[in-house]
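Protein chains in written order, with this note's numbering: chain Z, 1 to 237; chain A, 1001 to 1288. See below for the structure under consideration.
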């Protein structure tokens, strides 16, 4: 499998505070990789750094063999790396359909907007029912669905999901992770930060554990689930 | 007396149309870039001088002069963004406000130096239309109709095109908009250019109605600001309704008393809104 995303030795600071330390990570084509770890470990910062929202002071990030760590976020999306931020950040005063349309803003995605929209409505019938409603009126789970659907509109190659299940009821979490599994089966590469380790691990190929801004552990799904530390701290076994 | 009131009502509505366009520009800039363009009315004033100069001094037909004014004021808006607003985007709110308020002095004195303090008017003879006992100036009707058409076009652009959606997305959540592939810097520039072109257009609507002088813009900046606050800052629909309320109220106040009192009434409404309902009639929901 060829390398899709390669993060090499990045340091990230918020003012004086260092959030990430010499962190490296990679995603190969077609892979689903999850990043787990406690709150405040730097998982969100990692995704923000990859998508260009937060600069790295050291290290490099390559996407499809192209350095992206000095590109602004809007250029990175154009390359096919899309970031779904935490909490289903949809545009509250745009309708469901308008949110999806803005998802296809990047060059190369606009032409296929209609076709993509039909695909999305098929995949997420709930969004089709609510197409004219303002995103503000959706439930938390629907917003998260809309945010994921919106990211698919840009014809991405790699989708980064930041805690898609956060703040949702267990039933909705199951539903959402089913959607992620379906997207995965369509051949997208996925890098997902998730608190719900047991469920996320089951649909991943590989996993990283981030603690205090460093990679504490990494391995395939099987290796990860066997690790006694993971079993105790994250899987409750 | 009833006829006087009826006239006031109709003229207030006509004035409201143009005020709605003025408030739209101010609102759009505030909603997207989050700065208050304190010298917005002064830009209209400069646009009117552009039309005056072209029409009266160079003998250019009014329509052409108006079109040129739209272009020049659009470029003026672009320059304003590049030279004043963009360097201050990361600055304190108060500093942004002071810099833009400073432009009032700059623009008014610029007009003073170039065109002097006298009233300058574009002479156009347009007939007065009468509907029963209501008398309407054709120039006011044209301004009203033109303003509504332009507002309709702008509404369509904001709702139907990618660039319009991008403008609304940046207004609601700038960071998330960048994750959609939108370059917010370009959207800011575009917003200020559209906002500038609108001042040129409003100048074209005003030119046949009013004579211009260096302090002409002040009361319109104030009026636009009052409307925007009344409707809810950044709320375009609220601004539209607010414009007609202020148009009619000031028109009535002017008929009953005088234009000076009309401004007092408008300001009183402003203070009441700030005290009682600071989020405005249709308080803008906060983008997260």
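Note that CB positions come from ideal geometry on N, CA and C, so glycine has one too. Since the structure is predicted, the reported quantities are computational estimates derived from the model, not experimental observations.
For a Cβ distance threshold of 8 angstroms, nothing in chain Z lies close to residue 1245 of chain A: the least Cβ distance comes to about 23 angstroms. Runs of the beta strand (DSSP E) lying entirely within the stretch 1086-1110 of chain A and spanning at least 3 residues: none are present.
One thing to note: residue 1256 of chain A has its Cβ no nearer than 7 angstroms to the Cβ of residue 1242 of chain A. Shown here for residue 1030 of chain A: same chain residues with a beta carbon closer than 8 angstroms to its own, the five before and five after excluded, namely 1036, 1037, 1228, 1233, 1234 in chain order. Identification of chain Z residues near residue 1169 of chain A by a Cβ-Cβ cut-off of 9 angstroms yields 91, 94, 98, 99, 102, 105, ordered along the chain. Along the stretch 55-81 of chain Z, the positions whose C-beta sits under 9 angstroms from a C-beta of chain A are 72, 73, 74, 75, 76, 77, 78, read in chain order.
Here the alpha carbon of residue 1158 of chain A sits roughly 8 angstroms from the alpha carbon of residue 1166 of chain A. In this chain, the beta strand (DSSP E) harbouring residue 13 of chain Z covers 3-14. Sequence-ordered contacts of the stretch 110-132 of chain Z with chain A read 110 [C-beta pairs closer than 7 angstroms].
The C-alpha of residue 84 of chain Z is placed about 11 angstroms away from the C-alpha of residue 190 of chain Z. The Cβ atoms of residue 41 of chain Z and residue 12 of chain Z lie no closer than 7 angstroms to each other. For residue 1125 of chain A, no CB of chain Z lies under 7 angstroms from its own CB, so it is not counted at the interface with that chain.
Interface annotation, residue 1183 of chain A: in contact with chain Z, CB-CB separation under 7 angstroms. Using a CB distance below 8 angstroms, the part of the stretch 142-164 of chain Z facing chain A consists of 150, 154, ordered along the chain. Across the structure, residue 1211 of chain A and residue 1179 of chain A are spaced so that their CA atoms are roughly 48 angstroms apart. Between residue 1205 of chain A and residue 1146 of chain A, the gap from beta carbon to beta carbon is short of 7 angstroms. Annotated three-state conformation of residue 1058 of chain A is coil, per DSSP. DSSP, reduced to helix, strand and coil, places residue 105 of chain Z outside both helices and strands of the structure shown, so it counts as coil. Of Z/203, Z/120, Z/66, Z/228, the smallest CA-CA separation from residue 155 of chain Z is found for Z/120. Residue environment analysis places residue 1200 of chain A among the buried positions, since at least 16 neighbouring C-beta atoms fall within 10 angstroms of its C-beta. Between residue 1191 of chain A and residue 1044 of chain A, the CB-CB gap reaches or exceeds 7 angstroms. For residue 155 of chain Z, there is no enclosing beta strand (DSSP E), as DSSP gives it neither H nor E. Membership of residue 1049 of chain A in the alpha helix (DSSP H) is indicated by the continuous run 1040-1052. Counting only runs of at least 4 residues, the stretch 37-117 of chain Z fully encloses the following alpha helix (DSSP H) elements, listed from N- to C-terminal order: 43-50, 73-78, 96-103. Membership of residue 232 of chain Z in the alpha helix (DSSP H) is indicated by the continuous run 228-233. Less than 7 angstroms divides the Cβ of residue 157 of chain Z from the Cβ of residue 80 of chain Z.
If you compare the alpha carbons of A/1271, A/1023, A/1209 with that of residue 1128 of chain A, the shortest gap goes to A/1209. Note that the C-beta distance between residue 153 of chain Z and residue 100 of chain Z is below 7 angstroms.
The beta carbon of residue 1178 of chain A sits closer than 7 angstroms to some beta carbon of chain Z. Comparing alpha-carbon positions, the option among A/1006, A/1169, A/1275 lying closest to residue 1135 of chain A turns out to be A/1006. DSSP, reduced to helix, strand and coil, places residue 1126 of chain A outside both helices and strands of the structure shown, so it counts as coil. The beta carbon of residue 1142 of chain A does not come within 7 angstroms of any beta carbon belonging to chain Z, so the residue lies off that interface. Counting of Cβ neighbours within 10 angstroms places residue 1112 of chain A among the exposed residues, the total staying below 16. Beta-bridge pairing by DSSP links residue 218 of chain Z to Z/208. For residue 1134 of chain A, the enclosing beta strand (DSSP E) covers residues 1134-1137.
When A/1104, A/1068, A/1072 are compared, the shortest CA-CA separation from residue 1220 of chain A is found for A/1104.
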